[in-house]
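Peer 1: Protein chains in written order, with the working numbering: chain A, 54 to 493; chain B, -18 to 473.
The following block contains the structure, expressed as structure tokens.
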């Protein structure tokens, strides 16, 4: 076994040093009645050569979106990733290290987290951000829990224009805690109305949650909703499922959001069949000590030189146990590093230019398709079809085109409609093919 | 003194990325759009738009590459040297796994693509679930939990759903005092009160005490086996019987699974549900804190409650089944950390059953070797052989006012990552050493020599340990200042 260095002679010498006759003598603590005696029923060990051949064969049985004409988004987006990103995260000092519990030999990870926290604050225009959550959906769930904790109330009003799966995750995280989630019915108009959210607010409401751009690709009126929240004295939570939009749209922090969460996948992280991605989480300084997850802070060493440590850990499970703000331990550090490198390379202007290109492609698609809604948009839209989306997608698949998301899976009455996404990678000839195929 | 692996190297100073670059510099070339560059103001009010994001860097590609390369050089990874962090299983991260995750057929796959275009990925999921079930003797698995703590959460939700269907979700979860902090935090997330069970004098679960605490309102016992003292719960069957007799379920925390691969299985012990940490036992990298992957596994009767969707195989075709009326629901936007569990799939295929058993046997041999060599120089709070990790304490060194923290920092100067320190909480000044199976005897001997030398220095020159580390990028950092005056982001 090439990962295990010990030779039989070395094992013998080590057993002698321990003072036992055989390796089995080290397992006598396992009572006979629970000892596993047979051989695990697993495939025989494979060398690297046959293993790689097998994996390549499995990979060939997939048709990746990255090598097709694709119009699928709904929470995961096909953006360009500069080559330097993977080269840098492949530095094994980064990827083979553990959580930075020993700061003196983890300054690389720690400084990168500090830069990530700074970037997240800039993107959202918020005051403080954490080191990452599992993904956008679980970040939203944690935001709902944090809002209830902070406000000492047990109700969350959610727009039903939020990604359906994100709402489900929030439900899984909150329902046993006696927290009530109240959904609006704004999907018909495709945009959350401050009035319909306001109607659901009671004296026990901790927060109002919207996503922008929302699940249908429509940009929410964060200004009106934020003002309503302040008037009703409830916390305002904004979710961002498409982080590329942050290079184009005014950030949630501009509209008085108290907590902002997001999915960082668009920031240089491969689609990878749904994960690993990076959950973004930010809030106002006054709520800092109620945050879930790890925080990295800048300080000084004994010689007064700057350095970084994990801090405010009295919130966390390893200190506070059952009273912790969250049970999260491992997060998505390497994905947050990926996004940090991506944002560094794209930079102030490049990130904005990329986002504009997404918009230009979307504006063209909108002119050539039949959009269901007429709200401001970024790179995704619901379009009207002549047939059920599943039929259209089948026809597109025959031509090697990955079509849009069939929203009737989550909103059964929304038939003959499809959610289409474009990015800066969308080619004009692919859009032409899509339109021809859908129109045919 | 023998030569230690720790040496001096050229360490670069490197400012924050925000202190680099010049206005107008860029690290990418965004091509001109093929589409008409229409004015966004035509479709939305200008107040909804933003210009360039202030706060993002303005650096060229070579500057960015040098910045992150320098940062990486301040880190210590498994690829650097020995990383005996107890309960974290810092084993070697095979490179073929990295290559696997980067195959475009996997890395470029959108999670919502039609199943017909993702048969290879779905097969990986289906087969890995079956293989992981075999390893721990369970009937059903879900790969959705993104890390160990989310696996615990999922497992407890299964337990809650089971009890709820029987008419009473129950109120409490019993957790031994040696358990990881995530256990009580996960219980709390499921709205269960935590009952802490003090360990017996031998470090094991006190059966009489468990019997006393266990009642009809206790949903589950959550335990780690081998426990965090590196010891196997010798009465595990009896423990499970006591819990089951009152209608409770037993949850197994898989953090220490690397001790028992092919040697003992949770399912055979009477444990009903467990999680495993693929980033520990199954060799996937820790990434500086994540991403991990924490599959939840359970006995047949809990299968209906598993997170949705489930991967199915019908007539040779793999699919995702969302129609799961009893499911605890969704934990992530998609299907968990696919790129991570794909690496674990490559690892299981590399090792096979015999290889996994050899891994555990070697991990246990290595831990006992280190324990045998350090006994005498360091206090051993619980005697006897250990499983895959051994726990020492600073009791002898305290006589010279040298603490576990000083010993840990002294190890850094000698070129080693310190063990897990001050855990488990039930051992004062604990040092938990887990060598794993992927270390050579020379490396372990060098670590042992460093530990022994530190024990000597603790007597002769304790001040030098109080000053350690001196060879790292920075000296000990002021954590009090960090917490009192939080500086959590760059401000211009």
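Yeah, the Cβ is synthetic: ideal placement off N, Cα and C, and Gly gets one too.
All values derive from a computational prediction rather than experimental measurement.
To the nearest angstrom, how far is it from the Cα of residue 255 (chain B) to the Cα of residue 157 (chain B)?
Peer 2: On the second chain, position 274 is the one that residue 255 (chain B) refers to. On the second chain, position 176 is the one that residue 157 (chain B) refers to. C-alpha separation (whole angstroms): 16 Å.
Peer 1: Look at the Cβ atom of residue 265 (chain A), then the Cβ atom of residue 212 (chain A), and state whether they are nearer than 7 Å.
Peer 2: In the first chain, counting from the first residue as 1, residue 265 (chain A) sits at position 212. In the first chain, counting from the first residue as 1, residue 212 (chain A) sits at position 159. It is not a contact, given that the beta carbons lie outside the stated cut-off.
Peer 1: With a cut-off of 7 Å, does the C-beta of residue 276 (chain B) fall near any C-beta of chain A?
Peer 2: Along the second chain, read from residue 1 onward, the residue named residue 276 (chain B) stands at position 295. False, the Cβ-Cβ gap to chain A never drops below 7 Å.
Peer 1: In the DSSP assignment, find the beta strand (DSSP E) that holds residue 335 (chain A) and state where it starts and stops.
Peer 2: As a position in the first chain, residue 335 (chain A) is number 282, starting the count at 1. 332 to 336 is the span of the beta strand (DSSP E), which, as asked, contains residue 335 (chain A).
Peer 1: For a contact meaning CB atoms closer than 7 Å, what does residue 480 (chain B) contact in chain A?
Peer 2: Residue 480 (chain B) cannot be examined here, being either before or after the span of chain B that is shown, -18 to 473.
Peer 1: Quick check on residue -8 (chain B) - is its C-beta less than 7 Å from some C-beta in chain A?
Peer 2: For the purposes of this step, residue -8 (chain B) is taken as the residue at position 11 of the second chain. For residue -8 (chain B), the answer is no, since every Cβ of chain A falls outside 7 Å of its Cβ.
Peer 1: Within 8 Å, do at least three Cβ pairs link the region 393 to 413 of chain A to the region 266 to 273 of chain A?
Peer 2: The answer is no - the region 393 to 413 of chain A does not touch the region 266 to 273 of chain A, with fewer than three Cβ pairs under 8 Å.
Peer 1: What are the start and end residues of the alpha helix (DSSP H) that includes residue 166 (chain A)?
Peer 2: Numbered from its first residue, the first chain carries residue 166 (chain A) at position 113. 160 to 177 is the span of the alpha helix (DSSP H), which, as asked, contains residue 166 (chain A).
Peer 1: Residues bridged to residue 233 (chain B) by DSSP?
Peer 2: The residue labelled residue 233 (chain B) in the question sits at position 252 within the second chain. Answer by DSSP bridge pairing, in chain order: B:204, B:255.
Peer 1: Looking at the C-beta of residue 246 (chain B), does it have a partner C-beta in chain E at a distance below 7 Å?
Peer 2: Within the model displayed, chain E is absent; protein chains A and B are what it includes.
Peer 1: Below 8 Å on C-beta distance, what does residue 100 (chain B) contact in chain A?
Peer 2: The residue labelled residue 100 (chain B) in the question sits at position 119 within the second chain. Here the neighbours are 114, 115.
Peer 1: Under the DSSP definition of a beta bridge, which residues are partnered with residue 289 (chain A)?
Peer 2: Start at 1 with the first residue of the first chain, and residue 289 (chain A) comes out as number 236. Paired residue(s): A:261.
Peer 1: What residues in the region 246 to 272 of chain B bring their beta carbon closer than 9 Å to a beta carbon of chain A?
Peer 2: Within the region 246 to 272 of chain B, the qualifying residues are 246, 249, 250, 251, 258, 260, 264, 266, 267, 268, 269, 270, 271, 272.
Peer 1: By DSSP, does residue 77 (chain B) sit in helix, in strand, or in coil?
Peer 2: Here residue 77 (chain B) is taken as the residue at index 96 of the second chain, counted from 1. Three-state DSSP puts residue 77 (chain B) in a helix.
Peer 1: With a cut-off of 8 Å on the beta carbons, I'd call residue 215 (chain A) and residue 262 (chain A) a contact; round off their distance for me.
Peer 2: Numbered from 1 along the first chain, position 162 holds the residue referred to as residue 215 (chain A). Numbered from 1 along the first chain, position 209 holds the residue referred to as residue 262 (chain A). Rounded, the Cβ-Cβ distance is 7 Å, consistent with contact.
Peer 1: Does the distance from the CB of residue 222 (chain A) to the CB of residue 353 (chain B) come in under 7 Å?
Peer 2: Counting from 1 along the first chain, the entry for residue 222 (chain A) is found at position 169. Counting from 1 along the second chain, the entry for residue 353 (chain B) is found at position 372. It is not a contact, given that the beta carbons lie outside the stated cut-off.
Peer 1: Specify, as a first and last residue, the run of the beta strand (DSSP E) that residue 174 (chain B) falls within.
Peer 2: Looking up residue 174 (chain B) in the second chain gives position 193. 174 to 178 is the extent of the beta strand (DSSP E) around residue 174 (chain B).
Peer 1: Over the uninterrupted beta strand (DSSP E) stretch that includes residue 209 (chain A), give me the two end residues.
Peer 2: The count along the first chain starts at 1 and reaches residue 209 (chain A) at position 156. Segment 208 to 211, the beta strand (DSSP E) holding residue 209 (chain A).
Peer 1: For residue 115 (chain B) and residue 94 (chain A), which I take to be in contact (beta-carbon distance under 8 Å), what is that distance rounded to the nearest angstrom?
Peer 2: Locating residue 115 (chain B) in the second chain gives position 134, counting from the first residue. Locating residue 94 (chain A) in the first chain gives position 41, counting from the first residue. With a Cβ gap of about 5 Å, residue 115 (chain B) and residue 94 (chain A) count as contacting.
Peer 1: Should residue 413 (chain B) be flagged as near chain A, meaning a C-beta pair shorter than 7 Å?
Peer 2: Taking the second chain and counting its residues from 1, the one referred to as residue 413 (chain B) is at position 432. With 7 Å as the cut-off, residue 413 (chain B) does not count as an interface residue toward chain A.
Peer 1: Go to residue 321 (chain B), then tell me how far its beta strand (DSSP E) extends in each direction, as first and last residue.
Peer 2: One-based indexing of the second chain puts residue 321 (chain B) at position 340. Note, residue 321 (chain B): premise wrong, no beta strand (DSSP E); alpha helix (DSSP H) at 319 to 355.
Peer 1: At which residues does the alpha helix (DSSP H) containing residue 444 (chain A) begin and terminate?
Peer 2: Numbered from its first residue, the first chain carries residue 444 (chain A) at position 391. Note, residue 444 (chain A): alpha helix (DSSP H), 442 to 451.
Peer 1: So residue 481 (chain A) is in the beta strand (DSSP E); what residue range does that whole segment cover?
Peer 2: Stepping through the first chain from its first residue, residue 481 (chain A) is reached at position 428. Looking at the DSSP string, residue 481 (chain A) is not in any beta strand (DSSP E); the run it does join, the alpha helix (DSSP H), is 481 to 492.
Peer 1: I need the boundaries of the beta strand (DSSP E) containing residue 9 (chain B), first residue and last residue.
Peer 2: As a working note, residue 9 (chain B) is residue 28 in the second chain. Run containing residue 9 (chain B): none; DSSP gives neither H nor E here.
Peer 1: Near residue 433 (chain B), what residues of its chain come up, given a Cβ to Cβ distance below 6 Å and the 5 sequence neighbours on each side ignored?
Peer 2: Counting from one through the second chain, the residue named residue 433 (chain B) turns up at place 452. Counting only Cβ-Cβ distances below 6 Å, and skipping sequence neighbours, we find 358.
Peer 1: In three-state terms, what does DSSP make of residue 2 (chain A)?
Peer 2: The question about residue 2 (chain A) has no answer, for chain A in this structure spans 54 to 493.
Peer 1: Among the residues of its own chain, which have a CB less than 6 Å from the CB of residue 192 (chain B), if the five just before and after it don't count?
Peer 2: Residue 192 (chain B) sits at position 211 when you count from the first residue of the second chain. For residue 192 (chain B), where only same-chain residues beyond five positions count, the Cβ hits under 6 Å are 223.
Peer 1: Chain B beta carbons: is any one of them nearer than 7 Å to that of residue 248 (chain A)?
Peer 2: The residue given as residue 248 (chain A) occupies position 195 in the first chain. It does not: the Cβ of residue 248 (chain A) has no partner Cβ on chain B nearer than 7 Å.
Peer 1: Roughly how many whole angstroms lie between the Cα atoms of residue 133 (chain B) and residue 423 (chain A)?
Peer 2: Sequence index remark: in the second chain, residue 133 (chain B) carries index 152 (1-based). Sequence index remark: in the first chain, residue 423 (chain A) carries index 370 (1-based). For residue 133 (chain B) and residue 423 (chain A), the distance between alpha carbons rounds to 46 Å.
Peer 1: Give me the chain B residues within the contact set of residue 436 (chain A), using Cβ-Cβ distance strictly less than 8 Å, ordered along the chain.
Peer 2: For the purposes of this step, residue 436 (chain A) is taken as residue 383 along the first chain, with counting starting at 1. Result: empty, since nearest Cβ-Cβ is about 15 Å, beyond 8 Å.
Peer 1: Rounded to a whole number of angstroms, what is the C-alpha to C-alpha distance between residue 456 (chain B) and residue 473 (chain B)?
Peer 2: Start at 1 with the first residue of the second chain, and residue 456 (chain B) comes out as number 475. Start at 1 with the first residue of the second chain, and residue 473 (chain B) comes out as number 492. C-alpha separation (whole angstroms): 26 Å.
Peer 1: One question on the structure: do residue 178 (chain B) and residue 201 (chain B) come within less than 7 Å of each other, judged by their Cβ atoms?
Peer 2: As a first step, residue 178 (chain B) must be located in the second chain, where it is residue number 197. As a first step, residue 201 (chain B) must be located in the second chain, where it is residue number 220. Taking 7 Å as the Cβ cut-off, residue 178 (chain B) and residue 201 (chain B) do not qualify as a contacting pair.
Peer 1: Find the residues of chain A that neighbour residue 454 (chain B), judging by a C-beta separation of less than 8 Å, and give them in chain order.
Peer 2: Locating residue 454 (chain B) in the second chain gives position 473, where the first residue counts as 1. Chain A residues near residue 454 (chain B): 157, 158, 160, 360.
Peer 1: Is the CB-CB distance between residue 196 (chain A) and residue 209 (chain A) below 7 Å?
Peer 2: Here residue 196 (chain A) is taken as the residue at index 143 of the first chain, counted from 1. Here residue 209 (chain A) is taken as the residue at index 156 of the first chain, counted from 1. Not in contact: residue 196 (chain A) and residue 209 (chain A) (Cβ atoms no closer than 7 Å).
Peer 1: Can you grab the Cα-Cα spacing for the pair residue 175 (chain A) / residue 35 (chain B), in whole Å?
Peer 2: Taking the first residue of the first chain as position 1, residue 175 (chain A) is located at position 122. Taking the first residue of the second chain as position 1, residue 35 (chain B) is located at position 54. The alpha-carbon atoms of residue 175 (chain A) and residue 35 (chain B) are separated by roughly 7 Å.
Peer 1: Flag residue 431 (chain B) as yes if its beta-carbon sits less than 7 Å from any beta-carbon of chain A, otherwise no.
Peer 2: Taking the second chain and counting its residues from 1, one reaches residue 431 (chain B) at position 450. False, the Cβ-Cβ gap to chain A never drops below 7 Å.
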